[in-house]
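Participant: In the numbering used here, the protein residues as written are 93 to 586. Structure provided below as structure tokens; questions to follow.
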């Protein structure tokens, strides 16, 4: 139910302001697609009016987006390159742009019918941030040819709308196009052009473009929807009625007053595009924070950004997703989850220990003893001067090993080998999974976290508690973190 008294004023204000911005952005983003600016008005009108009837979100305003516009423009420029001698170049580019857009929609529809929306879960916030920042760089560079067409002194003002009105008036009053050859918007046809079918012959040349545009478009829409889904508890005034008013503003410009924008310089439109990139370019500030919190996420951001800048947006996105999948594969390594299906008590605690060590893939007590023996050997070699410390570790200067001494430690001081490893007095940090000097052999373990699921454990007696504590201590001594999940609250003091 639409609450007129609560929403009508805010809808009118937001609809008018959004409509004015949509007109300017439509004209500006048409430059990215390499078509006549007038087609940008169509892109600002039809998505909004359709979403008014079919959309479900009260918070999303649909329309041209710089990243997608640039991707479509890249396909347009590749299939219809610049050729001043071709009188039909604009019509050809419109056909290509429409065909690529329809193809992207077909891919999105097919992916939706096949229920493969899960793909978007592989587009993390870091990947999207790096990708959109790279896209902003591409957009910025693409607009330099328009921005540098005329040197304009910097000025300030409250709204981009005022800049546009002033720039249009100045361009018209001083006849910049005739006197200085400044590129302007030019003729804007009144009304809407008759609809035409996309060219199927173009489809085969832009399948990759259509697929990547469809994926990126869905990812962008999903990310916006995700933001608002997190904020759904807040009072947000915008809704579909505001979108309808925005569409009406665009329609009025298209049908009646579009001629007022004909003298507008393309350099001003390019400046509007650059201004709209501010938010994406500010995403560079995320790098230090990502580096402190999660270096994998930081790497995903940087790799996606560099790949998208150097390889292009489509290949860059693929490279970013591929690298992210590698980090997903790499990060979970070293984690084991063990589910205990029965109570733990005096009769089965040893069986529990055997099963847990088998699941972990090694006996922590054996590894601890081996490490303590190796540590004693390293200390002895350091004292004899047979090992020298370097910033990267140790350098062996002697390859003589006394295996009898090595075994004597094991046999005569077995109780000392079960103590926690103490490397406080060593001038180096030992990596137990790296090659050790003098052929010292220590079992390598890749496990760093062990999760024990106690969801099915109905009770634990005192013997079970003591045995569980001992097992946990053994794993902790070899640098394996142990976590217990699903345990009953009465056992938390364990």
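Quick reminder that beta carbons are idealized off the backbone N, C-alpha and C, glycines included.
Give me whichever residues DSSP pairs with residue 577 in a beta bridge.
Facilitator: Numbered from 1 along the chain shown, position 485 holds the residue referred to as residue 577. DSSP, once it has assigned bridges, lists 545 as partnering residue 577.
Participant: Grouping DSSP H, G and I as helix and E and B as strand, with all else coil, what is residue 567?
Facilitator: The residue given as residue 567 occupies position 475 in the chain shown. Residue state, collapsed to three classes: helix.
Participant: Give every residue of the same chain whose Cβ lies closer than 6 angstroms to the Cβ of residue 400, excluding the five residues on either side of it in the sequence, and list them in chain order.
Facilitator: For the purposes of this step, residue 400 is identified with residue 308 of the chain shown, where counting begins at 1. If we look at residue 400 and ignore the five residues flanking it on each side, its Cβ neighbours are 223, 226 and 408.
Participant: Could you check what DSSP says for residue 536 in three-state terms: helix, strand or coil?
Facilitator: Position 444 of the chain shown, counted from the first residue, corresponds to residue 536. If DSSP states are grouped into helix, strand and coil, residue 536 belongs with coil.
Participant: Could you give the distance in angstroms between the alpha-carbon of residue 314 and the alpha-carbon of residue 195?
Facilitator: The count along the chain shown starts at 1 and reaches residue 314 at position 222. The count along the chain shown starts at 1 and reaches residue 195 at position 103. Spanning the two alpha carbons is a distance of roughly 19 angstroms.
Participant: So, helix, strand or coil for residue 429, using DSSP?
Facilitator: Residue 429 sits at position 337 when you count from the first residue of the chain shown. Of the three classes helix, strand and coil, the one that applies to residue 429 here is strand, per DSSP.
Participant: Enumerate, from N- to C-terminal direction, the unbroken alpha helix (DSSP H) stretches of 4 or more residues contained entirely within the stretch 142 to 186.
Facilitator: Listed in chain order, they are 158 to 171.
Participant: Any beta carbon of chain C sitting closer than 8 angstroms to that of residue 290?
Facilitator: The structure shown has no chain C; it contains just one protein chain.
Participant: Contact between the stretch 125 to 138 and the stretch 175 to 188: three or more CB pairs below 8 angstroms?
Facilitator: Flag = yes, the stretch 125 to 138 and the stretch 175 to 188 touch.
Participant: For residue 384, count neighbouring Cβ atoms within 10 angstroms of its own Cβ and tell me buried if that reaches 16, exposed if not.
Facilitator: As a position in the chain shown, residue 384 is number 292, starting the count at 1. The residue is exposed, with fewer than 16 neighbouring Cβ atoms inside 10 Å.
Participant: Answer with buried or exposed for residue 533, where buried requires no fewer than 16 other C-beta atoms within 10 angstroms of its C-beta.
Facilitator: In the chain shown, counting from the first residue as 1, residue 533 sits at position 441. Counting Cβ neighbours within 10 Å, residue 533 comes out exposed, since fewer than 16 surround it.
Participant: In the DSSP assignment, what residue or residues form a beta bridge with residue 436?
Facilitator: As a position in the chain shown, residue 436 is number 344, starting the count at 1. The partner list for residue 436 (beta bridge, DSSP) reads 552.
Participant: What three-state label does DSSP hand residue 288 in the structure shown?
Facilitator: Locating residue 288 in the chain shown gives position 196, where the first residue counts as 1. Of the three classes helix, strand and coil, the one that applies to residue 288 here is coil, per DSSP.
Participant: Is the Cβ-Cβ distance between residue 297 and residue 171 less than 8 angstroms?
Facilitator: Position 205 of the chain shown, counted from the start, is the residue given in the question as residue 297. Position 79 of the chain shown, counted from the start, is the residue given in the question as residue 171. Contact flag set, yes.
Participant: Short of 7 angstroms in beta carbon distance, which residues of its chain neighbour residue 139, apart from the five on each side in sequence? Order them along the chain.
Facilitator: As a first step, residue 139 is located in the chain shown; it is residue number 47 there, counting from the start. 154 and 155.
Participant: Would you call the stretch 567 to 578 in contact with the stretch 541 to 558, where contact means no fewer than 3 C-beta pairs closer than 8 angstroms?
Facilitator: Because the criterion of three Cβ pairs below 8 angstroms is met, the stretch 567 to 578 and the stretch 541 to 558 touch.
Participant: Report the three-state DSSP secondary structure of residue 454 (helix, strand or coil).
Facilitator: On the chain shown, position 362 is the one that residue 454 refers to. Correct three-state label for residue 454: coil.
Participant: What are the start and end residues of each continuous alpha helix (DSSP H) run of 4 or more residues lying completely inside the stretch 353 to 391, in chain order?
Facilitator: Entirely contained in the stretch 353 to 391, the alpha helix (DSSP H) runs reaching 4 residues are, in chain order, 358 to 368, 370 to 373 and 378 to 385.
Participant: Quick one, which of 266, 552 and 295 has its alpha-carbon nearest residue 190's?
Facilitator: Reading the chain shown from its first residue, position 98 is the one you call residue 190. With distances taken between Cα atoms, residue 190 lies closest to 295.
Participant: Got a sec? Which residues, its chain only, sit under 7 angstroms from residue 492 by beta carbon, not counting five neighbours each side?
Facilitator: Here residue 492 refers to the residue found at position 400 of the chain shown. Summary for residue 492: the model assigns pLDDT 46, below 50, so the residue's position carries little reliability; its value from the coordinates is reported in the next sentence. Closer than 7 angstroms at the Cβ level, and outside the excluded window around residue 492, lies no residue.
Participant: Report the CB separation of residue 451 from residue 428 in whole angstroms; it is logged as a contact under 8 angstroms.
Facilitator: Working through the chain shown from its first residue, we reach residue 451 at position 359. Working through the chain shown from its first residue, we reach residue 428 at position 336. Between residue 428 and residue 451 the Cβ distance is about 6 angstroms, and since that is below 8 angstroms, they are a contact.
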